[in-house]
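Number of protein chains: 2
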Amino acid sequence: MKILNVELGDRSYPIYIGRGHLEDKKIITRHIKTKTICIVSNTTVSKLYLENLKNILDGYQVVEAIIDDGEEYKNHDSLNHIYTKLLENQCNRDTTILALGGGVVGDIAGYAAASFLRGIPFIQIPTTLLAQVDSSVGGKTGINHLLGKNMIGAFYQPQAVVIDLNVLKTLDNRQISAGLAEVIKYGLIWDKDFFKYLENNIENLKQKDFEHLGEVIYRSCEVKAKVVSEDEKESGIRAILNLGHTFGHAIENCLGYGEWLHGEAVGCGMVLAARVSLVHGWLTESEFDRIKNLIFQANLPIEKPNISYEDFIGAMKLDKKNKDKDIYLVLQQGIGKAIVTNNYSSSALAEVIKS
Amino acid sequence: MKILNVELGDRSYPIYIGRGHLEDKKIITRHIKTKTICIVSNTTVSKLYLENLKNILDGYQVVEAIIDDGEEYKNHDSLNHIYTKLLENQCNRDTTILALGGGVVGDIAGYAAASFLRGIPFIQIPTTLLAQVDSSVGGKTGINHLLGKNMIGAFYQPQAVVIDLNVLKTLDNRQISAGLAEVIKYGLIWDKDFFKYLENNIENLKQKDFEHLGEVIYRSCEVKAKVVSEDEKESGIRAILNLGHTFGHAIENCLGYGEWLHGEAVGCGMVLAARVSLVHGWLTESEFDRIKNLIFQANLPIEKPNISYEDFIGAMKLDKKNKDKDIYLVLQQGIGKAIVTNNYSSSALAEVIKS
């Protein structure tokens, strides 16, 4: 087992990375100080792990709130289902929420924890690669609004993140690829050696080799923890974690949530961001090719879906990073470094979106 | 003009109390650092003050979100109306919300500010006595759930609270009385001299004498600011501000939101809490009579409405203060002091609810 710490003063918490954690009562309950537990999961994940998890939680009152599976259910109806389950079972502040699932479950469950009774504790138990390397760490919680992705939410940190590599056994290839998009992101924004490592090991990762998966999860969480510790509420550097997301959210929004997986949209978005960077000379042709190639090797889409320019730009204008009606983008400056800027050519952006 | 400060480190903010503030551009805009403003108000208050307010906000992009008037609209639909207005107008983090209205508007607008894009700034401009002395100060924001009052929300502090006494001119007597309930509360939990002052001046207050209203608003905000500074997130002493509210929320919940005003339910709730305290010998007969009498003089209900014991207790069990399935009550220990406790006789509670 490896342990990383997210340093945030009195809101600091550990990330446990290892195998078999879901069956380990000591690790699961180490950070539970309440008598009642509400497990939030979805219809897919609960079939696989809910009974096991409940078995090791003897001695606690356990409430379940199961939501539908998919980004299209990351909405107020699912959130309200959790509130209702909590209230029907007379849960009060003596309740910890366990988020058992992927990014959607983690984001909604975290937001339920942030907002129920103005805040109760929660623990992230991410069951997809994407959630393990990205969304479960850092305290971004929330839901989508019909008019924009992740528009409603809170910065609210968990008590702990418990990552069990074994759950990746049951994850299908499409979900592995979606998670690899966020893994590749860390190489692109922070660490060119890690990017090189990914180029060399992409086949091992796709084949779910546990040694390599453990390594990339650890290194990804390490970068994420460092960035979040420096800038919890995204007033500065944290925004680079959004590489590919301005484009990606627009794709998800225009196609309809759930059509593409979030990681797929981010993968494609990183290619589009790289293309804008290339036009500005911030990436060489060969760097651009390496980026596009790795994303392609990860079985992620590298071509923009068929969305009109107007719809695409309209969706991008809703991005949370924007100020003064300007669209802010995360762009590359070589491999391993990213900047957040509105200082790019809008015609270059238009060209990339129209191409 | 008087200024009080709520001391909360980097979340500290001023409360401005005076006359004519709503027409004073300097005071209204002193804490606005953004280019866009979203005014949240209700159908009643907006007719009276919205145009004036917009007139002094020239130079800003101004968006309006008007919700229906009444506690029964303190729900997700109203909240979502605000989100939609913000998104339709492409508002980003460069937006300040102005909450122009009573407690319902302040609570919903504050929660919209807390949750939109994971947090944007907001300013409270309370237009009812109740909101001026209580709900606009201290950062409790939120909405009701069908199964319980204020169950969903956040602790989220405003940039400033701007109290204009002049708005009380248009406030009807029932709303003044509702505000007086929270004013009386401060005397009961904190300051027996203030309670005495209220006994001596209740007629002046009911007749909206501005000198006396200004005095009680200042003294009420002073107590509230002090308690909130000590315990922002209600892990201890802040809970005494809930005197009368455990009973009051149950009344509102059982009768249906909006049937009684919040202040009316709290007024009656304080009589019920005093009655439980009396049974335990924590109030003398004469103290109990003074409490009941002042609440009666303020034109507030002192008799519990017709609600069955089971329904009443069921609603009280949902209170946020509760732990371990115990109902925690705020009870008097004489006039001017209150405690939060589960150490009371449940048969005394039953007797009071059944009487």
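Residue numbers (numbering that gives the first Met the number 0), protein chains in the order written: chain A, 0 to 354; chain B, 0 to 354. The beta carbon of each residue, even a glycine, is placed where N, CA and C say it ideally should be. All values reported here derive from a predicted model rather than from experimental measurement.
**Item:** For B:S114, the three-state DSSP class (helix, strand or coil)
**Value:** The sequence position of residue 114 of chain B within the second sequence is 115, counting from 1. If DSSP states are grouped into helix, strand and coil, B:S114 belongs with the helices.
**Message:** So, at 6 Å on beta carbons, what are the nonlocal neighbours of A:G147 in its own chain, with the 5 sequence-adjacent residues on each side left out?
**Reply:** As a first step, residue 147 of chain A is located in the first sequence; it is residue number 148 there, counting from the start. In its chain, beyond the 5 residues on either side, L317 have a beta carbon closer than 6 Å to the beta carbon of A:G147.
**Item:** Where B:C90 sits in the DSSP three-state scheme
**Value:** Position 91 of the second sequence, counted from the start, is the residue given in the question as residue 90 of chain B. Of the three classes helix, strand and coil, the one that applies to B:C90 here is coil, per DSSP.
**Asked** Are any of the Cβ atoms in chain A nearer than 8 Å to that of B:K84?
**Response** The residue you call residue 84 of chain B lines up with position 85 of the second sequence. B:K84 is outside the set of residues whose beta carbon lies under 8 Å from a beta carbon in chain A.
**Close Cβ partners of B:N241 (< 6 Å) along its chain, the five nearest in sequence each way excluded** = Taking the second sequence and counting its residues from 1, one reaches residue 241 of chain B at position 242. Excluding residues within five positions, the ones whose Cβ falls inside 6 Å are V329.
**Prompt:** Among B:D9, B:A112, B:G333, which residue has its Cα nearest to the Cα of B:L282?
**Reply:** For the purposes of this step, residue 282 of chain B is taken as the residue at position 283 of the second sequence. The shortest Cα separation from B:L282 among B:D9, B:A112, B:G333 belongs to B:G333.
**Asked** So, helix, strand or coil for A:I239, using DSSP?
**Response** Here residue 239 of chain A corresponds to residue number 240 of the first sequence, with the count starting at 1. A:I239 falls in the helix class under three-state DSSP.
**Item:** Contact set between B:F115 and chain A, taken where Cβ atoms lie within less than 8 Å
**Value:** For the purposes of this step, residue 115 of chain B is identified with residue 116 of the second sequence, where counting begins at 1. Those within 8 Å of B:F115 in chain A are M150, I151.
**Prompt:** Would you say B:L92 and B:I122 are within 8 Å of each other, going by their C-beta atoms?
**Reply:** To locate residue 92 of chain B, count along the second sequence from 1; it is residue 93. To locate residue 122 of chain B, count along the second sequence from 1; it is residue 123. First, the residue type needs correcting, since residue 92 of chain B is Arg and not Leu in the sequence shown. Pairing B:R92 with B:I122 gives a Cβ-Cβ distance that is not under 8 Å.
**Message:** Going by DSSP in three states, A:G357 sits in which element: helix, strand or coil?
**Reply:** Residue 357 of chain A falls outside the range modelled here, since chain A spans only 0 to 354, and no answer is possible.
**Message:** According to DSSP, B:C220 sits in a beta bridge with which residue or residues?
**Reply:** For the purposes of this step, residue 220 of chain B is taken as the residue at position 221 of the second sequence. In the DSSP output, where bridge partners are listed per residue, B:C220 has none listed.
**Item:** Sequence-distant residues of its chain with Cβ nearer than 6 Å to A:D163 (five each side left out)
**Value:** Here the question's residue 163 of chain A lines up with position 164 in the first sequence. The residues are H20, L21.
**Request:** Report yes or no: do three or more beta-carbon pairs, one from the segment 217-224 of chain A and one from the segment 129-140 of chain A, lie closer than 8 Å?
**Result:** The count of Cβ pairs closer than 8 Å, one atom from the segment 217-224 of chain A and one from the segment 129-140 of chain A, reaches three, so the stretches are in contact.
**Request:** Could you name the residues of the same chain whose beta carbon sits closer than 6 Å to that of A:N41, not counting the 5 residues immediately before and after it, in chain order?
**Result:** The sequence position of residue 41 of chain A within the first sequence is 42, counting from 1. Excluding sequence neighbours, A:N41 sits near I66, D68, G100, V104.
**Item:** Secondary structure of A:Y308, DSSP reduced to three states
**Value:** In the first sequence, counting from the first residue as 1, residue 308 of chain A sits at position 309. Reduced to three states, the DSSP call for A:Y308 is helix.
**Message:** Taking a contact to mean a Cβ-Cβ separation below 8 Å, would you say B:E63 touches B:F154 in this structure?
**Reply:** Taking the second sequence and counting its residues from 1, the one referred to as residue 63 of chain B is at position 64. Taking the second sequence and counting its residues from 1, the one referred to as residue 154 of chain B is at position 155. No, the Cβ-Cβ distance between B:E63 and B:F154 is not below 8 Å.
**Item:** Close-in-space but distant-in-sequence residues of the same chain around B:F287 (CB under 8 Å, 5 per side omitted)
**Value:** Locating residue 287 of chain B in the second sequence gives position 288, where the first residue counts as 1. A273, R274, S276, L277, listed in sequence order.
**Request:** With 9 Å as the C-beta to C-beta threshold (strictly closer), list the residues of the segment 133-145 of chain B near chain A in chain order.
**Result:** Of all residues in the segment 133-145 of chain B, K139, T140, G141, H144, L145 have a Cβ within less than 9 Å of some Cβ in chain A.
**Request:** Kindly indicate the opening and closing residues of the alpha helix (DSSP H) around A:D190.
**Result:** As a working note, residue 190 of chain A is residue 191 in the first sequence. No alpha helix (DSSP H) holds A:D190; DSSP gives it neither H nor E.
**Prompt:** In whole angstroms, what separates the C-alpha of B:K355 from that of B:K168?
**Reply:** Residue 355 of chain B lies beyond the residue range present for chain B, which begins at 0 and ends at 354; the question has no answer from this structure.
**Prompt:** Comparing the CB of A:A108 with every heavy atom of the ligand FMN, is any distance shorter than 7 Å?
**Reply:** Ligands are entirely absent from the displayed structure, and the ligand FMN is therefore not among its contents.
**Asked** Which class does B:H279 belong to by DSSP, given the choice of helix, strand or coil?
**Response** For the purposes of this step, residue 279 of chain B is taken as residue 280 along the second sequence, with counting starting at 1. It is coil, neither helix nor strand.
**Request:** Whole angstroms is fine: what's the gap from A:N172's alpha carbon to A:G178's?
**Result:** Reading the first sequence from its first residue, position 173 is the one you call residue 172 of chain A. Reading the first sequence from its first residue, position 179 is the one you call residue 178 of chain A. Looking at the two C-alpha atoms, the distance is approximately 10 Å.
**Request:** Could you tell me how far apart the beta carbons of B:G266 and B:A337 are, in whole angstroms, since I believe they sit closer than 8 Å?
**Result:** To locate residue 266 of chain B, count along the second sequence from 1; it is residue 267. To locate residue 337 of chain B, count along the second sequence from 1; it is residue 338. The beta carbons of B:G266 and B:A337 sit about 16 Å from each other, so the pair does not count as a contact at 8 Å.
**Asked** Using a Cβ-Cβ cut-off of 7 Å (strictly less than) and excluding sequence neighbours within five positions of B:K34, which residues of its own chain qualify?
**Response** Reading the second sequence from its first residue, position 35 is the one you call residue 34 of chain B. Non-local C-beta neighbours of B:K34 in its own chain, meaning closer than 7 Å and more than five positions away in sequence, comprise Y59, Q60, D93, ordered along the chain.
**Prompt:** Excluding the five sequence neighbours on either side, which residues of its own chain have a C-beta within less than 7 Å of the C-beta of A:S45, listed in chain order?
**Reply:** Here residue 45 of chain A is taken as the residue at index 46 of the first sequence, counted from 1. Same-chain partners within the cutoff: I65.
**Prompt:** Between which two residues does the alpha helix (DSSP H) containing A:L3 stretch?
**Reply:** The residue labelled residue 3 of chain A in the question sits at position 4 within the first sequence. First-last for A:L3: 1-5, but that is the beta strand (DSSP E), not the alpha helix (DSSP H).
**Item:** Inter-residue Cα distance where the pair is A:Q89 and B:E309
**Value:** Position 90 of the first sequence, counted from the start, is the residue given in the question as residue 89 of chain A. Position 310 of the second sequence, counted from the start, is the residue given in the question as residue 309 of chain B. Between the alpha carbons of A:Q89 and B:E309 lies a distance of about 15 Å.
**Asked** If you follow the alpha helix (DSSP H) that B:V351 is part of, which residue opens it and which one closes it?
**Response** What you label residue 351 of chain B is simply residue 352 of the second sequence in a count that begins at 1. Looking at the DSSP string, the run of the alpha helix (DSSP H) that includes B:V351 is 345-353.
**Prompt:** For chain B, is any of its Cβ atoms less than 8 Å away from the one on A:G147?
**Reply:** The sequence position of residue 147 of chain A within the first sequence is 148, counting from 1. Yes, its Cβ sits closer than 8 Å to a Cβ of chain B.
**Request:** Could you please tell me which residues of the segment 154-185 of chain B, in chain order, have their CB closer than 8 Å to any CB of chain A?
**Result:** So the list reads F154, given in the order they occur along the chain.
**Request:** Output the boundary residues of the beta strand (DSSP E) element that contains B:A130.
**Result:** Position 131 of the second sequence holds residue 130 of chain B. In the DSSP assignment, B:A130 falls outside any beta strand (DSSP E) and carries neither an H nor an E.
**Message:** Can you confirm whether B:Q332, when its beta carbon is compared against all beta carbons of chain A, has any partner nearer than 8 Å?
**Reply:** For the purposes of this step, residue 332 of chain B is identified with residue 333 of the second sequence, where counting begins at 1. Not a single C-beta of chain A is nearer than 8 Å to the C-beta of B:Q332.
**Candidates A:Q158, A:N54, A:F193, A:S234: closest to A:G8 by CA position** = Walking along the first sequence from the start, residue 8 of chain A turns up at place 9. Nearest option by C-alpha distance: A:Q158.
**Request:** Could you name the residues of the segment 4-36 of chain B whose beta carbon sits closer than 7 Å to any beta carbon of chain A, in the order they occur along the chain?
**Result:** Correct list: K34.
**Message:** Rounding to the nearest angstrom, what Cα-Cα distance links B:I175 and B:G109 in this structure?
**Reply:** On the second sequence, residue 175 of chain B is found 176 positions in, with the first residue counted as 1. On the second sequence, residue 109 of chain B is found 110 positions in, with the first residue counted as 1. Here the C-alpha atom of B:I175 lies approximately 23 Å from the C-alpha atom of B:G109.
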